[in-house]
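Inspection log for the structure reproduced underneath, given as structure tokens.
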Amino acid sequence: MISDKDMEHLKTLARLEIAPEETHHLKDDLNKIMDYFEQIRHLDTEGIEELARPVSLHNIFREDKIVSPLAPELVKALANEEENGFFKVPRTVDSSD
Amino acid sequence: MMFAHEIAEQVRTGKRSARAVIEESLARADAVQAELNAFISIPRAAALAAADAIDKKIANGEDPGVLAGVPVVVKDNICTKGIRTTAGSKSLEHFVPPYNATVIERLQAAGAVVVAKANLDEFGMGSSNENSAYGPARNPWDASRVPGGSSGGSAVAVSSGVAPIALGTDTGGSVRQPAAFNGIIGYKPTYGRLSRYGVIAFASSLDQVGVLARSSKDIALVMDVMAGHDEHDATSIPEDKPQFLASLNAADLAGIKIGLVTELSGEGNTEGVLAAISRTKDLLSRLGAQVGEVSLPNAPYGIATYYLVAPAEASANLARYDGMVYSTRIGENALGQAEVMMKSRGATLGPEVRRRILMGTYALSSGYYDAYYGKALKVRRLIANDLEKAFSEFDFVLTPTTPTAAYKLGEKSSDPLAMYLDDIDTVLANLAGIAAVSVPAGKAEEGMPCGVQFLAPAMQDEKLIRLLSALELAQGETFAPLSPFKG
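Protein sequence lines, in the order shown, are assigned to chains A and B. Just so we're aligned, residue 1 is where the first sequence starts under this note's numbering, counting upward by one. Just so we're aligned, residue 1001 is where the second sequence starts under this note's numbering, counting upward by one.
Pasting the structure below:
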């Protein structure tokens, strides 16, 4: 069972601000869905290897040749905030610490 | 709307200008948009400029490409240079990609013209197109019904005659299911045959670009253009030599063995869908194929497996929409980075996307990883093994595409689990990474179209499209008719 406390933890892990009422509904949805998933927990998978990706390709490298990159002005044009060629973001570390 | 191969032929031989074709397509797009909300953007000026460039090439005696002047509609989670690409999300409301996805680059190089960016469930998460931040698209056969999803707008575009070809993406059935709901063909290639470079990721081990069309020849034409190795996608199959056009026009199916999946062809399907399966079996037999039954014992666990794997991958892929660099930022910088991220994501990601991110976060979180995500990956192997065994006996596997035809808007949107369960037939191909096609199969209930699905082993795509062409030849013009939508 996913508890209210679990929901707060998941919201923090996923960096999602969700209003209390929706959090409550989501908790009910998730519990109903996770209940349905219980069916596979009882399947015998002893000795079965995980299948994480459908094709097994290994170390495919492309040739190390110089090509022209995306123009910096095109990329900067997408930025929420930009200063001197850098993306500007809110402060990460509180300077008062 | 003519077929792509007919349009290209007329444009290449100067019978018709690319400009005239594209103008007609844009006018139809406007009419469809007004009533069915199938598009998020209609890049009129860029489309007409591209058409003029093709006409100029022809006037200069240059080769305009095998898809010269063919209008294509592209799902709005595939990057188009200079054309806004939203993925159906508010978080990418202002995102104008500075580059093309490889599939777009190749289509345009062959002379195809992007006429519209199609509506979709946000980031491809949904089966009804009701999860779009830009409002739901509607079904052209009955506007009170959903067009399916997540490539809903792409399917509407083809079935209502805006373009002969549309691109979608298929993570758990998102090309095949809307194709079935609109009475057209929806093809999901083997994982790795089409580049995912420039395709906005949902679940990277399951995502594949797919094609919606009304003719096998059109699918073959665009696949020969788009498939083949791409060095920008590390999962692109090396040394892939597509041979689709050369594989068409099977007059019969003598010697071909087809296995109908026992677990998916009984209870849970409507009578109309079961009748479509029965008609398909008869047609296959008439064409000389041997139709038997095959069991996929783990198929019933496909939904639980898929809805653990896909959200887990999504929770990681969607971490980038944090409002920091280019996705929509909400909140003052003074709040600090963590707070701005929480606000930006909370305000710009829709309810279904939030639900799946939380599901995935839970399945991957400490203490639950082995019980959920790890377990799902093992069951995924069991499902792939079932299919491998089936293919040792049969050339193709047959199922319905969906358990029902298109339902009414709002009918299932309040019950996420009920909506997930409808993906029972389609998720298997993504979990195993194999090729699959939804083929029009006439009408189910209340005059609404439905489809049947054929699965083929990995890299047997050409053989699958050959099967499609045999079914098409046998049925002629009744195979994938345009919807009756007038506009």
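Glycine is no exception: its CB is placed at the ideal position from the N, C-alpha and C atoms.
Between S1128 of chain B and P1140 of chain B, the CB-CB gap reaches or exceeds 9 Å. The DSSP assignment places 1071-1075 and 1113-1118 as complete runs of the beta strand (DSSP E) inside the region 1058-1134 of chain B, in order along the chain (cut-off: 3 residues).
For A71 of chain A against T1361 of chain B, the beta-carbon gap comes to about 36 Å, at or over 8 Å, which does not count as contact. In this structure S1195 of chain B is buried. Its beta-carbon is surrounded by 16 or more other beta-carbon atoms within 10 angstroms.
Neighbourhood of M1002 of chain B in chain A, by CB distance below 8 Å: empty, with the nearest CB roughly 36 Å away. The C-beta of K1241 of chain B comes no closer than 9 Å to any C-beta of chain A. Rounded to the nearest angstrom, the gap between the Cα atoms of C1079 of chain B and Q1453 of chain B is 28 Å. In the structure shown, Q1290 of chain B adopts extended strand secondary structure according to DSSP, grouped into three states. For P90 of chain A, the nearest CB of chain B lies under 9 Å from its own CB, placing it at the interface with that chain.
For the region 1072-1100 of chain B, the residues whose beta carbon sits under 8 Å from a beta carbon of chain A are, in order, F1095, V1096, P1098 and Y1099. Against chain B, a Cβ distance below 9 Å from V67 of chain A picks out nothing, because the smallest value is about 10 Å.
Between A1008 of chain B and V1066 of chain B, the C-beta spacing is below 9 Å. Per the C-alpha coordinates, the member of B:E1293, B:A1436 and B:M1459 positioned closest to I1258 of chain B is B:E1293. By the criterion of a C-beta distance shorter than 6 Å, R1084 of chain B is surrounded in its chain by S1041 and V1096, once the five residues flanking it on both sides are discounted.
Taking a beta-carbon distance threshold of 9 Å, D64 of chain A does not count as an interface residue toward chain B. For the region 1370-1392 of chain B, the residues whose beta carbon sits under 8 Å from a beta carbon of chain A are, in order, A1371, Y1372, G1374, K1375, A1376, L1377, K1378, V1379, R1380, R1381, L1382 and A1384. When C-beta distances to chain B are compared with 7 Å, the residues of the region 17-38 of chain A below that value are E17, I18, L26, D29, L30, K32, I33, Y36 and F37, in chain order. One alpha carbon belongs to R1145 of chain B, the other to L1417 of chain B, and they sit about 19 Å apart. Residues of chain A whose Cβ lies closer than 9 Å to the Cβ of P1416 of chain B are, in chain order, D29, K32 and I33. Within its own chain, the residues whose Cβ lies closer than 7 Å to the Cβ of E1462 of chain B, once the five positions on either side in sequence are excluded, are Q1243, F1244 and S1247, listed in chain order. In this structure the region 1429-1439 of chain B does not lie against the region 1258-1268 of chain B, because fewer than three pairs of beta carbons, one per stretch, are closer than 8 Å. Per DSSP, G1451 of chain B is one residue of the beta strand (DSSP E) stretching across P1449 to A1456. Each of B:F1396, B:V1353 and B:L1455 was checked against the Cα of G1126 of chain B, and the nearest Cα belongs to B:V1353. By the Cβ-count criterion, S1278 of chain B is exposed, with fewer than 16 other Cβ atoms from all chains shown falling within 10 Å of its own Cβ. Three or more beta-carbon pairs separated by less than 8 Å are not found between the region 1341-1349 of chain B and the region 1307-1316 of chain B, which leaves the two stretches without contact.
Taking 8 Å as the cut-off between beta carbons, the residues of the region 1354-1365 of chain B near chain A are R1354, R1355, I1357, L1358, M1359, T1361, Y1362 and S1365, in sequence order.
Residue burial is scored here from C-beta neighbours: A1338 of chain B has fewer than 16 other C-beta atoms within 10 angstroms and is therefore classed as exposed. In the displayed model, E1231 of chain B falls within coil according to three-state DSSP, outside both helix and strand. Per DSSP, the unbroken alpha helix (DSSP H) holding L1421 of chain B starts and ends at P1416 to L1421. Annotation: V1340 of chain B to A1319 of chain B spans about 14 Å, alpha carbon to alpha carbon. DSSP lists B:V1074 and B:V1211 as the bridge partner or partners of L1167 of chain B. Taking a cut-off of 8 Å for Cβ pairs, the region 1370-1389 of chain B and the region 1227-1244 of chain B do not touch, as fewer than three such pairs fall below it.
Annotated three-state conformation of R1354 of chain B is helix, per DSSP. A77 of chain A has its alpha-carbon roughly 10 Å from the corresponding atom of F87 of chain A.
In summary, Y1369 of chain B is exposed, with fewer than 16 beta-carbon neighbours lying within 10 Å of its beta-carbon over all protein chains present. If you look at I1424 of chain B, you'll find it isn't in any beta strand (DSSP E); DSSP assigns it neither H nor E.
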